[in-house]
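Per the numbering used here, the sequence shown starts with residue 23, numbered consecutively.
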Amino acid sequence: MNLYRPIIIGLHGTELSLSEISWLDNLRPYGVILFSRNVENQVQLQALCRSIRKILGNDVVIMVDQEGGRVQRLKSPNWPQLPPALDIGKLWRRHQFAGLEAASSLGQVIGSQLAEVGITHAAAPVLDLHVKGANQVIGNRSFGTTPAEVIPLATAFIDGLSRCGVTAIVKHLPGMGRVESDSHDSLPVIQTPIEVLAESDWIPFQAVSGTRWAMTAHAVIPEWDGLPITTSAKAIKKVREIFGDRLIVSDCLTMGAISGTINQRVHSTLDAGVDLALFSNGTDDERQVAVEASGGPRITRDDPSILQPLPSAVVQHLLSKLDRFNNNQITADPTFDRPK
Numbered sequence: 023m024n025l026y027r028p029i030i031i032g033l034h035g036t037e038l039s040l041s042e043i044s045w046l047d048n049l050r051p052y053g054v055i056l057f058s059r060n061v062e063n064q065v066q067l068q069a070l071c072r073s074i075r076k077i078l079g080n081d082v083v084i085m086v087d088q089e090g091g092r093v094q095r096l097k098s099p100n101w102p103q104l105p106p107a108l109d110i111g112k113l114w115r116r117h118q119f120a121g122l123e124a125a126s127s128l129g130q131v132i133g134s135q136l137a138e139v140g141i142t143h144a145a146a147p148v149l150d151l152h153v154k155g156a157n158q159v160i161g162n163r164s165f166g167t168t169p170a171e172v173i174p175l176a177t178a179f180i181d182g183l184s185r186c187g188v189t190a191i192v193k194h195l196p197g198m199g200r201v202e203s204d205s206h207d208s209l210p211v212i213q214t215p216i217e218v219l220a221e222s223d224w225i226p227f228q229a230v231s232g233t234r235w236a237m238t239a240h241a242v243i244p245e246w247d248g249l250p251i252t253t254s255a256k257a258i259k260k261v262r263e264i265f266g267d268r269l270i271v272s273d274c275l276t277m278g279a280i281s282g283t284i285n286q287r288v289h290s291t292l293d294a295g296v297d298l299a300l301f302s303n304g305t306d307d308e309r310q311v312a313v314e315a316s317g318g319p320r321i322t323r324d325d326p327s328i329l330q331p332l333p334s335a336v337v338q339h340l341l342s343k344l345d346r347f348n349n350n351q352i353t354a355d356p357t358f359d360r361p362k
């Protein structure tokens, strides 16, 4: 049984450096995360994923943020620009069946894009609510303002991903739609009473199924304690009590919301009870330090993902369908298979 360090790590460029090859092989992280800096085109990205698998095994987790809208790492001109979640939410409010079909189509397109190049996990969808007046770090990345909108659309999106063998990582547990600052820059505090959160923001994370994976919110809930949820043992315990059996990965520990040295950030996250630390950025030496800080290899992986990209004609059909919906041509397909 192979064991791995409980961390997902970022890479520097479009191919593995000699240094990365060495420390990936020696240190054995659980997985890697890719960004736009790692992506040129389909052929290059397939080669990068193959080289990662050659070192870390066929069961390695290769993840990417690919939501549609402003969060796309596989982007134009080599991949199509996709609509943001909120556009699909607006469609759902006009025509619920068409909205579900669009959410599933978006999930299938993204799933096929990732499966084709060898990426196993999408850090999507966002289950946070779209809250008027809040910081736009979430904004149009959300499917809607209420759980009634978010739950069916996120479920359809996840179903679309899974049809291609891609695993969804929902975010940002337990919800950060109400934050007034951007966690990339500073630590947000969610001032909303627990009772209100329990009846609104938390419901999508309780109701949406189809994946065990969830990413934390870098935010403080003062009624729990004064620490970021990601590094708070009390908060992570509460999250597990409220939201059940989850494989919890942190949001990126290089973000401004998390303070301390590299060692402190990684240690405090894992000590809090998060399953996997996520460290995306930094120099080669800093990323190596982060992997070493996660401790010795001690966790197993799931079985390898069976990736199943869709035929290109099917993807083109789904893309044209999304375009029609975007242009208010909302006649739904009667053959559409509703997610169960």
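Ideal placement from N, C-alpha and C gives every residue a C-beta, glycine not left out.
Among the options, the one whose alpha carbon lies nearest that of residue i
{"i": "residue 64", "options": "140, 76, 190", "result": "140"}
{"i": "residue 161", "options": "128, 138, 197", "result": "197"}
{"i": "residue 245", "options": "237, 238, 256, 252", "result": "256"}
{"i": "residue 348", "options": "46, 47, 35, 125", "result": "125"}
{"i": "residue 53", "options": "82, 180, 38, 76", "result": "82"}
{"i": "residue 26", "options": "41, 147, 46, 35", "result": "46"}
{"i": "residue 296", "options": "73, 38, 271", "result": "271"}
{"i": "residue 312", "options": "72, 204, 298, 322", "result": "298"}
{"i": "residue 154", "options": "166, 147, 145", "result": "166"}
{"i": "residue 41", "options": "128, 307, 318", "result": "307"}
{"i": "residue 213", "options": "319, 288, 156", "result": "156"}
{"i": "residue 89", "options": "175, 251, 265", "result": "175"}
{"i": "residue 207", "options": "77, 258, 84, 281", "result": "281"}
{"i": "residue 273", "options": "86, 39, 72, 43", "result": "86"}
{"i": "residue 249", "options": "287, 218, 222, 267", "result": "287"}
{"i": "residue 39", "options": "310, 323, 321", "result": "310"}
{"i": "residue 319", "options": "290, 78, 180", "result": "78"}
{"i": "residue 265", "options": "291, 101, 238", "result": "238"}
{"i": "residue 302", "options": "68, 258, 84", "result": "84"}
{"i": "residue 180", "options": "131, 73, 289", "result": "131"}
{"i": "residue 261", "options": "61, 294, 74", "result": "294"}
{"i": "residue 37", "options": "30, 31, 68", "result": "68"}
{"i": "residue 187", "options": "228, 173, 143", "result": "143"}
{"i": "residue 75", "options": "229, 50, 61", "result": "50"}
Beta-carbon proximity check, residue i vs residue j, cutoff 8 Å
{"i": "residue 232", "j": "residue 164", "result": "no"}
{"i": "residue 202", "j": "residue 210", "result": "yes"}
{"i": "residue 226", "j": "residue 149", "result": "yes"}
{"i": "residue 284", "j": "residue 236", "result": "no"}
{"i": "residue 151", "j": "residue 182", "result": "no"}
{"i": "residue 103", "j": "residue 112", "result": "no"}
{"i": "residue 145", "j": "residue 205", "result": "no"}
{"i": "residue 275", "j": "residue 300", "result": "yes"}
{"i": "residue 129", "j": "residue 178", "result": "yes"}
{"i": "residue 95", "j": "residue 70", "result": "no"}
{"i": "residue 269", "j": "residue 234", "result": "yes"}
{"i": "residue 173", "j": "residue 230", "result": "yes"}
Buried or exposed (CB count within 10 angstroms, at least 16 for buried), residue i
{"i": "residue 33", "result": "buried"}
{"i": "residue 169", "result": "buried"}
{"i": "residue 367", "result": "Given a span of 23 to 362 for the chain in the structure shown, any question on residue 367 remains unanswerable."}
{"i": "residue 92", "result": "exposed"}
{"i": "residue 123", "result": "buried"}
{"i": "residue 23", "result": "exposed"}
{"i": "residue 190", "result": "buried"}
{"i": "residue 338", "result": "exposed"}
{"i": "residue 343", "result": "buried"}
{"i": "residue 171", "result": "buried"}
{"i": "residue 116", "result": "exposed"}
{"i": "residue 48", "result": "exposed"}
{"i": "residue 263", "result": "exposed"}
{"i": "residue 193", "result": "buried"}
{"i": "residue 35", "result": "exposed"}
{"i": "residue 58", "result": "exposed"}
{"i": "residue 158", "result": "exposed"}
{"i": "residue 336", "result": "exposed"}
{"i": "residue 253", "result": "buried"}
{"i": "residue 44", "result": "exposed"}
{"i": "residue 147", "result": "buried"}
{"i": "residue 305", "result": "exposed"}
{"i": "residue 218", "result": "exposed"}
{"i": "residue 99", "result": "exposed"}
{"i": "residue 72", "result": "exposed"}
{"i": "residue 80", "result": "exposed"}
{"i": "residue 291", "result": "buried"}
TODO: Evaluate contact between the stretch 318–333 and the stretch 106–124, counting only Cβ atoms and requiring at least three cross-stretch pairs below 8 Å.
DONE: In short, these stretches do not touch, since the Cβ pair count stays below three.
Per the contact definition of three or more C-beta pairs closer than 8 Å, is the stretch 136–155 in contact with the stretch 329–345?
In the pairwise beta carbon analysis, the stretch 329–345 is classified as touching the stretch 136–155: at least three pairs are separated by under 8 Å.
Mind listing, in chain order, the continuous beta strand (DSSP E) runs of no fewer than 3 residues lying wholly within the stretch 41–69?
-> Counting only unbroken stretches of 3 or more residues, the beta strand (DSSP E) elements lying wholly within the stretch 41–69 are 51–56, in sequence order.
- Task: Please go through the stretch 72–108 and give each complete beta strand (DSSP E) segment of 3 or more residues, from N-terminal end onward.
- Result: Complete beta strand (DSSP E) runs here, min 3: 83–86, 88–90.
At 4 residues or longer, what runs of the alpha helix (DSSP H) sit wholly inside the stretch 307–344? Fully enclosed alpha helix (DSSP H) runs of 4 or longer: not present.
Which runs of the beta strand (DSSP E) fall wholly inside the stretch 174–247 and span at least 3 residues, in chain order? You should have 192–195, 235–238.
### Message
Restricting to runs no shorter than 3 residues, where is the beta strand (DSSP E) found entirely within the stretch 101–156?
### Response
The DSSP assignment places no complete beta strand (DSSP E) segment of no fewer than 3 residues inside the stretch 101–156.
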